[in-house]
């Protein structure tokens, strides 16, 4: 029957257009291959590696979680839902069964709630036997804005700021555990951002005054010009934060004081000042841009109204070719996990010349896209007179660190400005969400008095 149908179709096939049809098919296949991006040429056994993952219950997060579990990683996925809930237990059981890996766990941590993040950080820090080899922040990658949905721009802005501040807060709470880990341990902090960061590069230009609000500051209450610009600012701000965090880690001395998770409004790490520093950290902070994903970028972007959803359904055949699948989106994340760090490889003098030239190592503080370092053309910012005067006065309670100006992603000055904007935003966020007061525990004596 099948052969008869094929023969009938071949009889009506216009043989004069065979070349055109074949060419069109080849073009579509090539376009899809190119749009899916590069795939990592490396792989790594992740057994006994503990990886903390946020945003693990989204299409992108679940795909990444499965890939990590297949390589034997011990994965802790954060979720705002109770770990005993049916949704969480179902996902965890399915992943354990599909990957034959029982080291997949979920922990309750609502990234929209500072008290919940502080509670998780305190629980994690108290566990003396808990190790951590990588932290992957995937919750910021999911697009939080929608085209045509301009009435709720304040709510969208709040979600953007909440996602960014949750990354900053959780990072600072985990620093005590990371900094006290053995020096030979390879630790990575990976921030996953969307591809709209180039739209925000002009907005990060210095306005010549340290008192004036910068475009990357939190809680400005200013309506964004476009959804792409708002998302780009959030992404580029996260990229600059990771670059500056790497500067801080490389400049920290052995005796640097560790941040205390219990102090919500305290400065999480010492302030970094220009200078020279030689110590390198075994902790690598970097950013990854997976690209435009159908499930995580295009679908939420067009899903703000019925017209957008209809347009998405009509355009789906084209999106199937030109937008990335979830499996293709995680390739750069895996590449950043598989690459050796500069602190784990032999020096160029110890390797043969041809091997030292071909050996690819991870670049700390960089932005990775399509399994390679992405260049972000930003000019180096300089200090204003007011900033220079304030830097001359020592700040009480903050360790003064010296570091080399690398001139990347706006330089140390822009990194410090972004870091201070995160600190101010975190202070406001903590004040708006104080810890709930503990409820009095009713004892047996209280119960007896109530009964009588």
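In the numbering used here, the protein residues as written are 1 to 452.
Ideal Cβ positions, reconstructed from N, Cα and C, are used throughout, including at glycine.
Residue 184 in three-state terms, based on DSSP: coil
Three-state secondary structure (DSSP) of residue 74: strand
Proximity below 8 angstroms, CB of residue 239 to CB of residue 367: yes
Simplified DSSP state of residue 200, which is helix, strand or coil: helix
Exposed unless 16 or more other CB atoms sit within 10 angstroms - verdict on residue 106: buried
Residues that residue 92 bridges to, as DSSP identifies them: None; residue 92 has no bridge partner.
CB contact flag (residue 241, residue 201, <8 angstroms): no
Span of the beta strand (DSSP E) around residue 507: Coverage of the chain is limited to positions 1 through 452, which leaves residue 507 absent and any answer about it impossible.
The region 22 to 40 / the region 315 to 327 touching (three or more Cβ pairs under 8 angstroms): yes
Cβ-based neighbour list, residue 261, same chain, cut-off 6 angstroms, excluding 5 preceding and 5 following: Low confidence applies here, because residue 261 scores a pLDDT of 44, under 50, leaving its location unreliable; read the following figure in that light. So the qualifying residues of the chain are 121, 122, 125, 173.
Beta-carbon proximity of residue 138 to residue 188, cut-off 8 angstroms: no
The region 76 to 92 in contact with the region 406 to 417 per 3-pair CB rule at 8 angstroms: no
Residue nearest to residue 374 in terms of C-alpha spacing, selected from 434, 363, 177: 363
Where residue 318 sits in the DSSP three-state scheme: helix
Span separating the alpha-carbon of residue 208 from that of residue 154: Residue confidence is low: residue 208 scores 43 on pLDDT, short of 50, so the model does not pin down where it sits. Its coordinate-derived value is still stated next. In a straight line, the C-alpha of residue 208 is about 28 angstroms away from that of residue 154.
Beta carbon of residue 74 nearer than 8 angstroms to that of residue 42: no
Nearest-angstrom Cβ-Cβ length linking residue 53 and residue 25, presumed shorter than 8 angstroms: Wrong, their Cβ atoms sit about 39 angstroms apart, outside the cutoff.
Residues of its chain near residue 65, where Cβ-Cβ distance is below 8 angstroms and the 5 sequence neighbours each way are ignored: 53, 56, 75, 77, 95, 104
Endpoints, the beta strand (DSSP E) within which residue 286 is located: 283 to 289
Of the residues 299, 317, 318, the one placed nearest residue 309, counting alpha carbons only: 299
Residues bridged to residue 368 (per DSSP): 288, 373
First and last residue of the uninterrupted alpha helix (DSSP H) at residue 238: 227 to 251
Under 8 angstroms between C-beta atoms of residue 371 and residue 423: no
Residue interval of the alpha helix (DSSP H) (run including residue 327): 326 to 329
C-beta neighbour in chain C for residue 34, strict 8 angstroms: Absent from the structure is chain C; it holds one protein chain and no more.
Residues sharing a beta bridge with residue 293, DSSP: 324
Cα-Cα separation between residue 18 and residue 329, rounded to whole angstroms: 35 angstroms
Nearest-angstrom Cα separation, counted from residue 5 out to residue 288: 49 angstroms
Under 8 angstroms between C-beta atoms of residue 175 and residue 203: no
Endpoints, the alpha helix (DSSP H) within which residue 21 is located: 18 to 35
Bridge-paired residues (DSSP) for residue 119: Residue 119 pairs with nothing; no bridge assigned.
Which of helix, strand or coil DSSP assigns to residue 301: helix
Bounding residues of the alpha helix (DSSP H) (the contiguous stretch that carries residue 413): 411 to 432
Pair within 8 angstroms by beta-carbon distance, residue 192 and residue 216: no
DSSP three-state assignment for residue 5, whether helix, strand or coil: helix
Residue 177, buried or exposed, once every other Cβ within 10 Å from all chains shown has been counted against 16: buried
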